[in-house]
Amino acid sequence: MRFTFISSAVALVASTLLLNGAEAQQLCNGYAELCAKTYDQVVYATTHNAYAYTPPGALAANQNNDIPTQLKDGIRAFMLDAYNLPSGATNDIELCHSYCTLLDAGPLSKVLGQFKTFMDQNPNEVISIFWENAANLTPARFQTVYQAAGMTPYLYTQTAGSTTWPTLASMISSNKRLLNFVDSGADASVPWLMAEYDFIFETPYAITKGSEYPCTIDRPKGQERGMYVMNHFISGQVTVGDQTFDVPQSSIVAQTNGPDLASHANKCTQTFNKVPNFVAVDFYEQGSVLQTVAQLNGVTWNGQAPTPAAGTKKSAAAGKIAGASSVAASLAAAAAAAVFAL
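Counting with mature numbering (1 follows the signal peptide of the UniProt record, and there is no 0), you get residues -24 to -1, 1 to 318 for the letters of the sequence shown.
1) When you compare each of A136, N100 and G33 to A8 by their alpha carbons, which one comes out closest?
2) Hey, could you find the ends of the alpha helix (DSSP H) V19 is sitting in?
3) Could you check where the beta strand (DSSP E) with P284 kicks off and where it finishes?
4) Could you tell me if G137 is buried or exposed, where buried requires 16 or more neighbouring beta carbons within 10 angstroms of its beta carbon?
5) Counting beta carbon pairs with one atom in the segment 126 to 140 and one in the segment 151 to 163, are three or more of them shorter than 8 angstroms?
6) Decide if the segment 112 to 120 is in contact with the segment 178 to 185; the criterion is three or more beta carbon pairs, one per stretch, under 8 angstroms apart.
7) Is the distance from the Cβ of I69 to the Cβ of F54 below 8 angstroms?
8) Identify, in the order they occur along the chain, each residue of the same chain with its Cβ nearer than 8 angstroms to the Cβ of P284, setting aside the five sequence neighbours on each side.
9) Does DSSP classify A294 as helix, strand or coil?
10) For the beta strand (DSSP E) containing Y75, name the first residue and the last one.
11) With a threshold of 16 other CB atoms inside 10 Å of the CB of Q39, please say whether the residue is buried or exposed.
12) Give me, in chain order, the residues of the same chain whose beta-carbon lies closer than 6 angstroms to that of T139; leave out the 5 immediate sequence neighbours on both sides.
13) Expressed to the nearest angstrom, what Euclidean distance is found between the alpha-carbon atoms of N112 and L266?
14) So what does DSSP say about L237, is it helix, strand or coil?
15) Should Q46 go down as buried or exposed, given a rule of 16 or more other Cβ atoms within 10 Å for buried?
16) Would you tell me roughly how many angstroms separate the C-alpha atoms of V255 and N207, rounded to the nearest one?
17) With distances taken from CA atoms, which of P62, S74, L61 and N41 is nearest F221?
18) Buried or exposed for G6, going by 16 or more other Cβ atoms inside 10 Å?
19) Spatial neighbours of M127 within its chain, please: C-beta separation below 8 angstroms, excluding the five flanking residues on both sides.
20) Spatial neighbours of R52 within its chain, please: C-beta separation below 8 angstroms, excluding the five flanking residues on both sides.
21) Cβ atoms of D16 and N253: under 8 angstroms apart, would you say?
22) Which stretch, first to last residue, makes up the alpha helix (DSSP H) that contains F259?
23) Can you tell me whether K185 is buried or exposed, with buried defined as 16 or more other CB within 10 angstroms of its CB?
24) Where do the N-terminal and C-terminal ends of the beta strand (DSSP E) with L154 fall, by residue?
25) Using three-state DSSP, classify T140 as helix, strand or coil.
26) Is there a C-beta anywhere in chain D that falls below 8 angstroms from the one on D163?
27) In terms of residue numbering, what span does the beta strand (DSSP E) encompassing P115 cover?
28) Looking only at C-alpha atoms, which of E108, G161 and V251 sits nearest to H24?
29) How would you call G50, buried or exposed, if buried means at least 16 neighbouring beta carbons within 10 angstroms?
30) Let me know the secondary structure DSSP gives L71 once reduced to three states.
The structure is reproduced here in structure tokens:
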């Protein structure tokens, strides 16, 4: 009897220790060390034009993998562009690249459904979305789509002017772990759609092949904020008629997202005396984006390798551009020529 009692006591102590150990090892965005850090102290791997992955091989695509794959791989901040629906309906928002005739990734409602599925299944992840309000949509338009998608319980609001952010652990505990920033059009009617430049500044985004990676404040001009986006992607400009387009440079991405990324991050850290919070890249699965972000966060990379692209290769074929309209076809041909000239 005594032996049984002692054995039970030992088992109870062991299970308690294991439980406490598991609690102590809670992961926040993949790392236990990030749980005690406040939101503004963390670095987030960020995809530029995250939705621009379709059709496969399109010259205007900035990514090779879809958003569910990006989430699975560890991307935690996403840049999206908001346009009106081609139909003219106001119950949704279209995700397009410059013009919907150039690249149309479909309705926001679908993408928010993908975010919700991931967040429902992964309760220890804090996600950020950056909106380029290209069509000057009202906050009410965003509110309608987010509510219909069931995202309301996840939405976090930071009071304008506040410089004190919660820790990732507390955001996870409250389940308010989806942050939304918009570059223009924010107002008090939808407080969770936060004015980006109240909290964040960005480095220049118009970087061409062979130019120096800048560590200057581009938006808002000359106004430093508590956090910043380090834009790190190479584009070539193509002009068709009176319209100019940026074409992603996939052929040099291994260098761009490898040694150049680490060098750029170190340069900006020294310039601003703080690490970049959002490291925005094209074709994130190539190079060493996740390793570099882990290093900037002061953690040992967890070894989770990103999903390789599905073998898509940029093509000069006009049919690769969504819609294959005459404008898109002309752009495809001109863009192809520019890509090979750069």
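No residue lacks a Cβ here, since even glycine has one placed at the ideal position from N, Cα and C.
To lay it out plainly:
1) By one-based count along the sequence shown, residue 8 stands at place 32. Checked all of A136, N100 and G33; the closest Cα to A8 is N100.
2) As a first step, residue 19 is located in the sequence shown; it is residue number 43 there, counting from the start. Secondary structure note for V19: it is in no alpha helix (DSSP H), with a DSSP letter that is neither H nor E.
3) The residue labelled residue 284 in the question sits at position 308 within the sequence shown. Boundaries cannot be given for P284, as no beta strand (DSSP E) includes it and DSSP labels it neither H nor E.
4) Indexing the sequence shown from 1 puts residue 137 at position 161. When all chains shown are included, G137 counts as exposed.
5) A contact exists between the segment 151 to 163 and the segment 126 to 140.
6) They do not touch, by the three-pair rule.
7) The sequence position of residue 69 within the sequence shown is 93, counting from 1. The sequence position of residue 54 within the sequence shown is 78, counting from 1. No, the Cβ-Cβ distance between I69 and F54 is not below 8 angstroms.
8) The sequence position of residue 284 within the sequence shown is 308, counting from 1. Closer than 8 angstroms at the Cβ level, and outside the excluded window around P284, lie E261.
9) Locating residue 294 in the sequence shown gives position 318, counting from the first residue. Summary for A294: the model assigns pLDDT 31, below 50, so the residue's position carries little reliability; its value from the coordinates is reported in the next sentence. Here DSSP, grouped into helix, strand and coil, assigns A294 to helix.
10) The sequence position of residue 75 within the sequence shown is 99, counting from 1. Looking at the DSSP string, the run of the beta strand (DSSP E) that includes Y75 is Y75 to P83.
11) Start at 1 with the first residue of the sequence shown, and residue 39 comes out as number 63. Buried: at least 16 other Cβ atoms inside 10 Å.
12) Counting from 1 along the sequence shown, the entry for residue 139 is found at position 163. Cβ neighbours of T139 beyond the five flanking positions: G202.
13) Position 136 of the sequence shown, counted from the first residue, corresponds to residue 112. Position 290 of the sequence shown, counted from the first residue, corresponds to residue 266. Distance from the CA atom of N112 to the CA atom of L266, rounded to whole angstroms, is 33 angstroms.
14) By one-based count along the sequence shown, residue 237 stands at place 261. Assigned with DSSP and collapsed to three states, L237 falls in helix.
15) On the sequence shown, residue 46 is found 70 positions in, with the first residue counted as 1. That one is buried.
16) To locate residue 255, count along the sequence shown from 1; it is residue 279. To locate residue 207, count along the sequence shown from 1; it is residue 231. Distance between the alpha carbons of V255 and N207 is about 6 angstroms.
17) For the purposes of this step, residue 221 is taken as the residue at position 245 of the sequence shown. Restricting attention to P62, S74, L61 and N41, the CA atom closest to the CA of F221 is found in S74.
18) As a working note, residue 6 is residue 30 in the sequence shown. Here G6 is buried, its C-beta having at least 16 other C-beta atoms within 10 Å.
19) Position 151 of the sequence shown holds residue 127. So the list reads L88, F91, K92 and L154, once near-sequence residues are dropped.
20) The sequence position of residue 52 within the sequence shown is 76, counting from 1. So the qualifying residues of the chain are N5, Y20, A21, T22, E101, V102, I103 and S104.
21) Residue 253 sits at position 277 when you count from the first residue of the sequence shown. Residue 16 sits at position 40 when you count from the first residue of the sequence shown. In this structure, D16 lies closer than 8 angstroms to N253 by Cβ.
22) By one-based count along the sequence shown, residue 259 stands at place 283. F259 -> no alpha helix (DSSP H), and no H or E assigned at all.
23) Position 209 of the sequence shown, counted from the start, is the residue given in the question as residue 185. Exposed is the call here.
24) What you label residue 154 is simply residue 178 of the sequence shown in a count that begins at 1. Unbroken beta strand (DSSP E) run through L154: L154 to V158.
25) What you label residue 140 is simply residue 164 of the sequence shown in a count that begins at 1. Coil, per DSSP.
26) Here chain D cannot be found, since the structure has a single protein chain.
27) As a first step, residue 115 is located in the sequence shown; it is residue number 139 there, counting from the start. If you look at P115, you'll find it isn't in any beta strand (DSSP E); it sits in the alpha helix (DSSP H) that goes P115 to A124.
28) By one-based count along the sequence shown, residue 24 stands at place 48. Of the residues E108, G161 and V251, the one whose Cα lies closest to the Cα of H24 is E108.
29) Residue numbering aside, residue 50 sits at position 74 when the sequence shown is read from its first letter. By the neighbour-count rule (16 or more Cβ atoms within 10 Å), G50 is buried.
30) Looking up residue 71 in the sequence shown gives position 95. Annotated three-state conformation of L71 is strand, per DSSP.
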